[in-house]
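Written below as structure tokens is the structure these notes are about.
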Amino acid sequence: MNKPLIYFFVSFILGIIIFILYSFSALLAFSFVLLFILILVKGISYKEVFINIIIVIFSFYNTYSYFNVNLPKDNNVVKIRICNKKGYKTIGNINDKRVYIKDLKGGNIGDVIYAKGNFKEDIQYDKGIIGQFSLKYEIERKEDLYSKIIGYRSFLDEEFQSIFGVDDGVLLSNLCFGDNSSIDIETKEKLKSLGVIHVISVSGFHIALVYKLVSTILGGNIALIITFFYGVFTGGKSSTWRAFIMIFVSKASFKLYRNYDGVSALALAGIILLSIKPYYLMDVGFCLSFLATLGIVLFQKVINNKLYKLPSFLRESISITMSAQIFTFPYMIFAFESFNLGFLVGNLFLVPIFTLLIILGNSAAILLNTFLIKYIKYFVDILMQILNGGIYILHSISPKTSYLTYLEGCIVIAIYICYLLVKKGNKKYIYLPLFLCTLIIFEYYKPYTEIKVLDVLGKEAYIISYKKRNVLLTNSNKVGEDLIKGYNIDEVKRIGTYPLKFSIKDKNNTDVEIINIGNGKKQVSITLSQREENNFLKFMNYRGNKNYDIILLKPKKQVGFSRTYETNSVIITDFNIYNLR
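The sequence shown begins at 1 in full-length UniProt numbering and counts up one residue at a time.
If you want it as structure tokens, here you go:
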């Protein structure tokens with residue numbers, strides 16, 4: 001078995017996937033296991049198959065333990081560590097498991113609270129949430145070393161705003177210490193469209209930069225220690241520890257006179273992280289970090305050699321950027337239902353500026369009360385002006401974000417795979433993309449009326465589609481460009497009070513009434529004009545005199561990663577047959 005860590009990592013991932021499938025359907029999980037074993041036995045020996053099956057079982061049980069074992073008990077004293085606060089939602093750790101904390105008054109990230117309350121299980125696999133803890137009363141609050149470290153990060157954030165100004169101070173603090181919650185949405189969207197959003201959230205890029213700088217000055221061993229504490233200080237995200245583990249393995253392999261293999265080091269980092277937090281597998285940041293790193297490890301040198309005519313500094317930047325997109329691009333299509341080609345110019349021109357700002361920002365944190373801070377401020381002010389101007393210009397000239405539906409995403413991935421197959425000599429797949437592209441016609445042209453029920457940031461929305469026209473009805477005050485572009489909306493209408501009534505001038509002359517019946521449920525009443533008798537409907541034993549239907553729509557749990565998700569669809573066909581999907 002060549003490079004066994006890669007096999008072990010894949011087996012670990014499969015164990016988590018099997019657990020999630022088992023949570024929905026035991027038969028589906030069993031079928032997946034059977035398929036896995038059949039594929040596995042063809043490539044490796046029976047002894048190696050046995051080892052990988054053991055790893056799958058361990059991964060399955062490890063994931064099961066996280067979501068089902070040692071859960072908080074009602075009215076018992078529990079220790080809560082506040083780990084995230086966004087708006088009205090507070091996420092805490094109880095028994096090393098993430099829970100929503102309800103009725104918590106005050107508190108900062110990192111605080112430790114001893115309290116009693118009631119626990120309600122409500123698993124959200126993609127967030128690692130096991131449920132909600134309703135706090136009845138607090139016993140005490142304590143500060144430990146970790147909470148003091150996180151508290152000092154808040155202190156630095158305030159100092160940066162005081163020294164560099166509010167806007168520049170917030171951005172510099174986020175660049176260096178990783179909390180991007182205070183950056184305005186418009187700036188985030190611009191950075192996202194330019195492919196540099198990862199820079200304002202401490203990631204593997206920051207860890208590699210800090211290690212390289214410190215090791216140059218103080219040596220590798222001290223650099224490892226400082227880099228570790230920097231990871232703790234900045235919140236310890238999955239991408240942070242992935243980079244640290246790979247650096248540690250690289251350093252250890254050099255000490256042990258072993259060859260360093262990037263893919264095996266990446267696999268080891270994945271095994272360690274998933275064994276501690278199995279829900280990372282469904283975390284967007286984790287997946288993007290690993291996929292980008294895999295692309296760089298496998299293809300960066302290949303692309304770099306192809307661009308040998310370019311200057312070395314330009315060749316390095318382009319090759320890293322392009323190789324990182326090879327595996328992240330398909331993933332982003334499904335995770336965000338969008339992509340932007342501005343990542344190349346963003347990484348070429350903005351990342352060097354961000355790099356200098358990260359160095360100056362961390363230097364400012366160390367030299368905060370010295371006379372050198374005024375010189376740091378001088379250079380930071382110049383770089384911020386260049387950065388803001390660069391973002392404005394590049395955002396203006398770069399291609400706009402393209403939004404894809406799920407079907408379009410599948411087609412893009414299928415074309416991607418067909419290209420690889422044809423390149424390897426399988427010429428029979430060369431015309432398959434043409435067939436796949438014809439499917440897009442049905443995505444944009446609806447011969448029937450379709451009503452999609454959406455959730456937009458907690459607000460109801462309805463998309464009425466017929467032929468080429470799509471109308472959005474919503475009671476949300478903010479309708480993002482991603483929603484408009486993603487669903488090809490022609491017109492937006494605001495919902496007033498329920499009941500909501502509207503007519504659709506299709507072949508059926510359909511009247512629709514949506515009634516709010518409480519408890520998050522909506523009742524859709526659909527009335528169609530009377531039609532002539534149809535022999536086909538008679539044959540189908542269809543009640544031709546029926547000209548209405550009432551359908552109860554129950555919102556589904558959010559399982560995707562986007563801010564908008566579909567709950568149900570009502571399709572009104574020419575034969576007056578209703579389906580929920």
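Glycine is no exception: its CB is placed at the ideal position from the N, C-alpha and C atoms.
Source: prediction; values computed, not measured.
_Output needed for Thr227: all residues of its chain with C-beta closer than 8 Å, excluding positions within five of it in sequence on either side, in chain order._
The residue you call residue 227 lines up with position 227 of the sequence shown. Result list for Thr227: Ile207, Val210, Tyr211, Val214, Phe244 and Ile247, in chain order.
*If we ignore side chains and look at the alpha-carbon of each, how far apart do Ile413 and Asp283 end up?*
For the purposes of this step, residue 413 is identified with residue 413 of the sequence shown, where counting begins at 1. For the purposes of this step, residue 283 is identified with residue 283 of the sequence shown, where counting begins at 1. Ile413 and Asp283: Cα-Cα distance of roughly 21 Å.
*asked:* Looking at the strands, I want to know which residues DSSP matches up with Arg81.
replied: As a first step, residue 81 must be located in the sequence shown, where it is residue number 81. Looking at the DSSP assignment, Arg81 forms a beta bridge with Asn93 and Val112.
*Measure the C-alpha to C-alpha separation of Ile391 and Gly346 and round it to an integer number of angstroms.*
Locating residue 391 in the sequence shown gives position 391, where the first residue counts as 1. Locating residue 346 in the sequence shown gives position 346, where the first residue counts as 1. Approximately 8 Å, taken between the alpha carbons.
*May I have the straight-line CA-CA distance separating Leu274 from Phe12, to the nearest angstrom?*
Here residue 274 refers to the residue found at position 274 of the sequence shown. Here residue 12 refers to the residue found at position 12 of the sequence shown. Rounded to whole angstroms, Leu274 to Phe12 spans 8 Å at the Cα level.
*Please report the residue range of the alpha helix (DSSP H) in which Tyr7 lies.*
Here residue 7 refers to the residue found at position 7 of the sequence shown. Here the alpha helix (DSSP H) through Tyr7 covers Pro4 to Phe24.
*Mind listing, in chain order, the continuous alpha helix (DSSP H) runs of no fewer than 4 residues lying wholly within the stretch 311-366?*
312-336, 343-349 and 351-366
*Leu5 to Phe229, Cα distance in whole Å?*
Here the question's residue 5 lines up with position 5 in the sequence shown. Here the question's residue 229 lines up with position 229 in the sequence shown. The alpha-carbon atoms of Leu5 and Phe229 are separated by roughly 27 Å.
_Contact set for Leu294: own chain, Cβ-Cβ below 8 Å, skip 5 residues either direction_ = Taking the first residue of the sequence shown as 1, we reach residue 294 at position 294. So the list reads Val263, Leu266 and Phe327, once near-sequence residues are dropped.
*Closer than 6 Å by C-beta to Tyr260: which residues in its own chain qualify, once you throw out the five before and the five after it? Chain order, please.*
Here residue 260 refers to the residue found at position 260 when the sequence shown is read from its first residue. Excluding positions up to five away in sequence, the list reads Ser250 and Ser253.
*Starting from the C-beta of Tyr429, find all residues in its chain whose C-beta is less than 7 Å away, skip the five residues before and the five after it, and write them out in chain order.*
Counting from 1 along the sequence shown, the entry for residue 429 is found at position 429. Excluding residues within five positions, the ones whose Cβ falls inside 7 Å are Cys418, Leu421 and Val422.
*Where do the ends of the beta strand (DSSP E) carrying Leu298 lie?*
What you label residue 298 is simply residue 298 of the sequence shown in a count that begins at 1. Unbroken run through Leu298 is the alpha helix (DSSP H), Val284 to Lys306; no beta strand (DSSP E).
*In its own chain, which residues sit with a C-beta less than 7 Å from the C-beta of Val10, not counting the 5 before and 5 after it?*
Position 10 of the sequence shown, counted from the first residue, corresponds to residue 10. Contacts found: none.
*Around the C-beta of Ala26, are 16 or more other C-beta atoms found within 10 angstroms, so that it is buried, or is it exposed?*
Numbered from 1 along the sequence shown, position 26 holds the residue referred to as residue 26. Ala26 comes out exposed.
*Could you give the C-beta distance for Phe32 and Phe60, rounded to a whole number, given that I count them as a contact under 8 Å?*
Indexing the sequence shown from 1 puts residue 32 at position 32. Indexing the sequence shown from 1 puts residue 60 at position 60. Actually they are not in contact, since the Cβ atoms of Phe32 and Phe60 sit about 11 Å apart, beyond 8 Å.
*asked:* Among the candidates Leu218, Ala324 and Phe290, whose CA atom is the shortest distance from the CA of Trp241?
replied: As a working note, residue 241 is residue 241 in the sequence shown. Of the candidates Leu218, Ala324 and Phe290, the one whose C-alpha sits nearest the C-alpha of Trp241 is Phe290.
*By the 10 Å Cβ neighbour count, where 16 or more other Cβ atoms means buried, how is Ser203 classified, buried or exposed?*
The sequence position of residue 203 within the sequence shown is 203, counting from 1. Looking at its Cβ environment, which holds 16 or more other Cβ atoms inside 10 Å, Ser203 is buried.
_Rounded straight-line distance, which links the Cα of Leu268 to that of Lys3_ = Counting from one through the sequence shown, the residue named residue 3 turns up at place 3. Counting from one through the sequence shown, the residue named residue 268 turns up at place 268. Taking the straight line joining both Cα atoms gives about 11 Å.
_C-beta contact flag for Asn278 and Asn426 at 8 Å_ = What you label residue 278 is simply residue 278 of the sequence shown in a count that begins at 1. What you label residue 426 is simply residue 426 of the sequence shown in a count that begins at 1. Note that residue 278 is Pro in the sequence shown here, rather than Asn. The answer is no: Cβ separation not under 8 Å.
_When Phe354, Val351 and Gln325 are compared against Asn340, the one with the closest alpha-carbon_ = Residue 340 sits at position 340 when you count from the first residue of the sequence shown. Nearest C-alpha to Asn340: Gln325.
*Would you decide whether Glu408 is buried or exposed? Buried here means 16 or more other CB atoms lie within 10 Å of its CB.*
Numbered from its first residue, the sequence shown carries residue 408 at position 408. It is buried - the Cβ of Glu408 has at least 16 other Cβ atoms within 10 Å.
*Would you mind listing the alpha helix (DSSP H) stretches within the stretch 210-254 that are 4+ residues and don't spill past its ends, in chain order?*
220-233
*Give the DSSP-derived three-state secondary structure of Val33 in the structure shown.*
The sequence position of residue 33 within the sequence shown is 33, counting from 1. Note: Val33 maps to helix in three-state DSSP.
*asked:* Considering only the alpha carbon of each residue, which of Ser317, Phe50 and Asp122 lies closest to Ile296?
replied: Working through the sequence shown from its first residue, we reach residue 296 at position 296. Measuring from the Cα of Ile296, the nearest candidate turns out to be Ser317.
*Is His198 near the ligand FMN, going by C-beta to nearest heavy atom under 7 Å?*
This structure does not include the ligand FMN; it has no bound ligands of any sort.
*Pick helix, strand or coil for Arg98, following the three-state DSSP scheme.*
Reading the sequence shown from its first residue, position 98 is the one you call residue 98. Strand at Arg98.
_The alpha helix (DSSP H) enclosing Gly178, as first and last residue numbers_ = Within the sequence shown, the letter at position 178 stands for residue 178. Taken as a continuous stretch (DSSP letters only), Gly178 belongs to no alpha helix (DSSP H), as it is neither H nor E.
*asked:* Leu307 and Ser323 - do their beta-carbons sit closer together than 8 Å?
replied: The residue you call residue 323 lines up with position 323 of the sequence shown. The residue you call residue 307 lines up with position 307 of the sequence shown. No, these two residues do not count as a Cβ contact at 8 Å.
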